Amino acid sequence: MFPPLAGRKPSGATLAAFRRALLQWFAAKRRALPWRKSRDPYHIWVAEIMLQQTRIAAVIPYYEQFLERFPTIAELARSDEAEVLGLWSGLGYYQRARNLQRAAREIVELHGGKFPRDAEVARTLPGIGVYTLAAVLSIAYGKPLAALDGNIARVLARLGAVRSPLRDPQTRRKLQEEAQRLLASGNPGDWNQAFMELGETVCTPRAPRCEECPMARWCRARGMELQNEIPTKRILREGIRVTLAAAVLCDPRGETLLLRSPGRHDAVLFSRLRQFPAIEIIGDMRDGVREEAKPRATTQIRNYLRDELGLPKLLKKSFRQLPALRHAVTFRDVVLLPVLVRVARLPRHSEGEAVPLQDVPHMPISSATRKIARAALTALAGSSNQARN
DNA sequence: AAGGCGGGGTG
DNA sequence: CACCCAGCCTT
3 MFPPLAGRKP
13 SGATLAAFRR
23 ALLQWFAAKR
33 RALPWRKSRD
43 PYHIWVAEIM
53 LQQTRIAAVI
63 PYYEQFLERF
73 PTIAELARSD
83 EAEVLGLWSG
93 LGYYQRARNL
103 QRAAREIVEL
113 HGGKFPRDAE
123 VARTLPGIGV
133 YTLAAVLSIA
143 YGKPLAALDG
153 NIARVLARLG
163 AVRSPLRDPQ
173 TRRKLQEEAQ
183 RLLASGNPGD
193 WNQAFMELGE
203 TVCTPRAPRC
213 EECPMARWCR
223 ARGMELQNEI
233 PTKRILREGI
243 RVTLAAAVLC
253 DPRGETLLLR
263 SPGRHDAVLF
273 SRLRQFPAIE
283 IIGDMRDGVR
293 EEAKPRATTQ
303 IRNYLRDELG
313 LPKLLKKSFR
323 QLPALRHAVT
333 FRDVVLLPVL
343 VRVARLPRHS
353 EGEAVPLQDV
363 PHMPISSATR
373 KIARAALTAL
383 AGSSNQARN
């Protein structure tokens, strides 16, 4: 079913050549990534959690800052969740950070502060699923567990010309078995990383570089010129479009108001983290008419601030609409319409908090909130420059 | 078994 | 720009 054993009796020699080809390629091309400097299970674990659904380039700076602040499991366990989220801010999938810290506390309380070696024990930790378990235990402890992530699944699917969808549970099982069978048990950590790195750099989702691929001679998809058709495209939930207006209040001291709970919009749009007051601009939002939301944004924000935040009536000239921003939240495509609002005093609000606008980009917030804060800071810097000139 | 959770890279 | 990517948890 899969090369190198496809259609023939399992041949030890072929399998050995297959493994040698990949390991030699990895030895030559292996990138010097921060988490590869270490075998500390904690370091590997943090890296693997950050790398879930997230590209290497995005992870590197977060990884280094995170370990600098939380050098040990014990340090992570005794920190505030808010600080952990602060260091995660911008990386997305914030539940990962919460689980990471919960697991750290569990490790300190139940496992003597060391990441468990036992697979069944480690698997019970929050945030440790089948993939992460195999990755951490193989890399940190040399356990012979085959990792199956998206990269490896794609490589295996191409090697074996598997046409069924990768997320199909039956296919998944088949691929997991195959990965386990191919695993080079001499150094499972290197093997898993070699496989993933091949998927990331050569056997890419689109336009795979088959000419550079050390495994091309074993690849059935390549042989059938199906490398661009396999794996089959995943059917994604249809996206929806959302338009939000967000108010960046600004008092004379440069302070702004953040809310702990959402305004009139879906809470997930700011990852349930602190956010600017915001409302969804309802209206006919079919394709092509989103432009109509822009004039409505200021009016609706103005009403919202008055009715629900108890802000006194403000003059129209206190409002300044900034250029629209785009943001994505899983299947939602969000257009953000930031509105800068000059106020004499920030309103009191039970869920509100006054903070210097300057500080907002460094707080535990979603990227959407950061984008809005940066847009506002840029606009303010621009207008003060104009005033000086 | 299916759906939800971010964000950024790529062609 | 539009399109693409994916591990874990909850329901």
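With our numbering as the guide, the letters of the first sequence map in order to residues 3 to 391. Even glycine gets a Cβ: it sits at the ideal position worked out from N, Cα and C. None of the values given here were measured: they were computed from a predicted structure.
Just checking my contact of residue i with residue j at CB under 8 Å: how many whole Å lie between their CB atoms?
i	j	result
Gly256	Leu359	6 Å
Ile46	Val138	5 Å
Ile242	Phe333	6 Å
Leu135	Ala105	Not confirmed; about 12 Å, so no contact.
Leu200	Ala148	About 14 Å; that fails the 8 Å criterion.
Arg107	Ala79	5 Å
Leu177	Leu158	5 Å
Lys116	Pro190	In fact, because the Cβ distance is near 20 Å, the residues do not count as touching under 8 Å.
Leu324	Ala381	5 Å
Here's a check: name, in chain order, each residue in its chain whose Cβ is nearer than 6 Å to the Cβ of residue i, leaving out the five neighbours to either side.
i	result
Ile130	Ala124
Glu50	Thr134, Ala137 and Val138
Gly354	Leu259 and Leu261
Ala155	Leu168 and Leu177
Take the Cβ of residue i as the centre, count every other Cβ of all protein chains shown within 10 Å, and call the residue buried at 16 or more, exposed below.
i	result
Leu317	exposed
Val270	exposed
Glu77	exposed
Gly290	Its pLDDT being 47, under 50, Gly290 is placed unreliably by the model, and the measurement read from it follows with that caveat. With fewer than 16 other Cβ atoms within 10 Å, it is exposed.
Arg10	Confidence is the limiting factor: at Arg10 the pLDDT is only 44, short of 50, which leaves the residue's position unreliable, though a coordinate-based value still follows. Exposed.
Gly94	buried
Asn153	buried
Pro43	buried
Arg239	exposed
Asn305	exposed
Ala370	buried
Among the residues of its own chain, which have a CB less than 7 Å from the CB of residue i, if the five just before and after it don't count?
i	result
Pro12	Note that Pro12 scores a pLDDT of 48, beneath 50, so its modelled location is shaky; the value from the coordinates is reported in the next line. Nothing meets the Cβ criterion.
Asp151	Tyr133 and Met198
Cys205	Arg156, Val157, Arg160 and Cys215
Glu83	Arg100 and Gln103
Starting from the C-beta of residue i, find all residues in its chain whose C-beta is less than 8 Å away, skip the five residues before and the five after it, and write them out in chain order.
i	result
Gly384	none
Arg328	Asp335, Val336, Val337 and Leu338
Ile283	Thr245, Leu246, Ala247, Ala295, Arg298, Ala299, Gln302 and Leu339
Gln67	Leu89
Ser320	Val343, Arg344 and Val345
Among all the DSSP beta bridges, which residues are the ones paired with residue i?
i	result
Ala343	This sequence places Val at residue 343; Ala is not what is there. DSSP output for Val343 lists Leu251 and Phe321 as bridge partner(s).
His329	Val336
Thr258	Val357
Arg266	Ile281
So for residue i, helix, strand or coil by DSSP?
i	result
Gly14	helix
Glu355	strand
Thr245	strand
Leu89	helix
Thr203	helix
Leu78	helix
Leu127	coil
Glu227	coil
Phe28	helix
Phe117	coil
Arg41	coil
Asn189	coil
Ile232	coil
Leu177	helix
Thr56	coil
Gly384	helix
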